[in-house]
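Just so you know, we're using the numbering used here here: the sequence shown kicks off at 2 and counts up by one.
We put the CB at the ideal spot given by N, CA and C, even for glycine.
Below is one structure; the comments refer to it alone.
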Amino acid sequence: MKVITCKDYEEVSDRAAEIMLDVVKNNPKAILGLATGSSPIGLYQRMIKDHQENGTSYAEITTFNLDEYVGLEQEHPQSYYTFMHQNLFNHIDIKKENVNLPSVQGEDMQANCDAYNELLSKYKIDLQLLGIGSNGHLAFNEPGTPFDSVTQVVDLLDSTIQDNARFFDNDMSKVPTQSITMGIKNVMDAKRILLIASGKNKAEAIYQTVKAEVSTDCPASILQRHPDVTIVVDEDAASLL
Numbered sequence: 002m003k004v005i006t007c008k009d010y011e012e013v014s015d016r017a018a019e020i021m022l023d024v025v026k027n028n029p030k031a032i033l034g035l036a037t038g039s040s041p042i043g044l045y046q047r048m049i050k051d052h053q054e055n056g057t058s059y060a061e062i063t064t065f066n067l068d069e070y071v072g073l074e075q076e077h078p079q080s081y082y083t084f085m086h087q088n089l090f091n092h093i094d095i096k097k098e099n100v101n102l103p104s105v106q107g108e109d110m111q112a113n114c115d116a117y118n119e120l121l122s123k124y125k126i127d128l129q130l131l132g133i134g135s136n137g138h139l140a141f142n143e144p145g146t147p148f149d150s151v152t153q154v155v156d157l158l159d160s161t162i163q164d165n166a167r168f169f170d171n172d173m174s175k176v177p178t179q180s181i182t183m184g185i186k187n188v189m190d191a192k193r194i195l196l197i198a199s200g201k202n203k204a205e206a207i208y209q210t211v212k213a214e215v216s217t218d219c220p221a222s223i224l225q226r227h228p229d230v231t232i233v234v235d236e237d238a239a240s241l242l
């Protein structure tokens, strides 16, 4: 596990972009695992800028997203489908058929989970991008999630709903209470993992991830057992290391 400490969020985004773009430029058919939330926005902006200025192509790249809210229409402003298109996909030359997010349409969410697991089993993710929750959750795998979990429907904890309320007019009642998320085993199956975090509110989770014993109390602590993990954090997020 390699930890890179940066001055601030902008530098975190710079370093993360260097790692991501190195993968894309060296393997034009790379399989990328992508994340949502505020952490990767700066990285995605740099990927777009590089595409526009340097012509880096995503035409043969395949992507898999970690998760999606249950109960939101695909085109809802706060769906992760919308987030990914607004913040990345609409601005690069990726093919629509190469973009994958868990489906939350229809009534049978377990069937949607099974279909995503089946799809993931046919690929090997070259680089999996992760954020981290203030409670150490990975994707939407909350504390207590078994490490052998695969794509599943999860109930979001109040702390996670509170964290995400800022995207829903700070109204917790508007935040979905469930999501479909890749499981911890799916994440650990990636060849390489890149975790990014910034801010004092992530410091305890980063400490637990890097220094504490591996425990389902902090899902991200399992990353200690992965052979190729890079964690890029700002000084605030690294303040307890």
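Environment of residue i [buried if 16+ CB atoms lie within 10 Å]
{"i": "Tyr-81", "result": "buried"}
{"i": "Asn-142", "result": "buried"}
{"i": "Gln-129", "result": "buried"}
{"i": "Asp-149", "result": "exposed"}
{"i": "His-52", "result": "buried"}
{"i": "Asn-165", "result": "buried"}
{"i": "Pro-220", "result": "buried"}
{"i": "Ile-167", "result": "The sequence shown places Arg at residue 167, not Ile. Arg-167 is exposed by the Cβ-count criterion."}
{"i": "Ser-122", "result": "exposed"}
7 Å Cβ shell around residue i - same chain, five flanking residues per side excluded
{"i": "Asn-202", "result": "Ser-135"}
{"i": "Ile-185", "result": "Leu-139, Asn-142, Thr-146, Phe-148, Ser-150, Pro-220, Ile-223"}
CB contact flag (residue i, residue j, <8 Å)
{"i": "Thr-231", "j": "Lys-3", "result": "yes"}
{"i": "Val-154", "j": "Gln-179", "result": "yes"}
{"i": "Cys-7", "j": "Asp-235", "result": "yes"}
{"i": "Ile-93", "j": "Ile-49", "result": "yes"}
{"i": "His-138", "j": "Pro-147", "result": "no"}
{"i": "Ser-199", "j": "Tyr-10", "result": "yes"}
{"i": "Ile-42", "j": "Val-233", "result": "no"}
Assumed close pair residue i, residue j - CB separation to whole angstroms, cut-off 8 Å
{"i": "Leu-131", "j": "Leu-195", "result": "7 Å"}
{"i": "Ala-191", "j": "Gly-34", "result": "6 Å"}
{"i": "Leu-73", "j": "Pro-177", "result": "6 Å"}
{"i": "Ser-40", "j": "Ile-197", "result": "5 Å"}
{"i": "Leu-120", "j": "Asn-101", "result": "6 Å"}
Beta-carbon contacts of residue i that lie in its chain and below 8 Å, excluding the five residues immediately before and after
{"i": "Gln-1", "result": "The structure shown does not extend to residue 1, since the chain is modelled only from 2 through 242, so no value can be given for it."}
{"i": "Met-113", "result": "Rather than Met, the amino acid found at residue 113 in this sequence is Asn. Excluding positions up to five away in sequence, the list reads Pro-103, Ser-104, Val-105, Gln-106, Gly-107, Ile-181."}
{"i": "Tyr-124", "result": "Ile-32, Thr-63, Phe-65"}
{"i": "Asp-172", "result": "Ala-166"}
Any non-hydrogen atom of the ligand ZN closer than 7 Å to residue i Cβ
{"i": "Ile-181", "result": "The ligand ZN is not among the ligands present in this structure, which contains no ligands whatsoever."}
Neighbourhood of residue i by C-beta, 6 Å cutoff - its chain only, sequence neighbours within 5 removed
{"i": "Ala-204", "result": "Ala-238, Ser-240, Leu-241"}
The stretch 61–68 / the stretch 76–95 touching (three or more Cβ pairs under 8 Å)
Yes, the stretch 61–68 touches the stretch 76–95.
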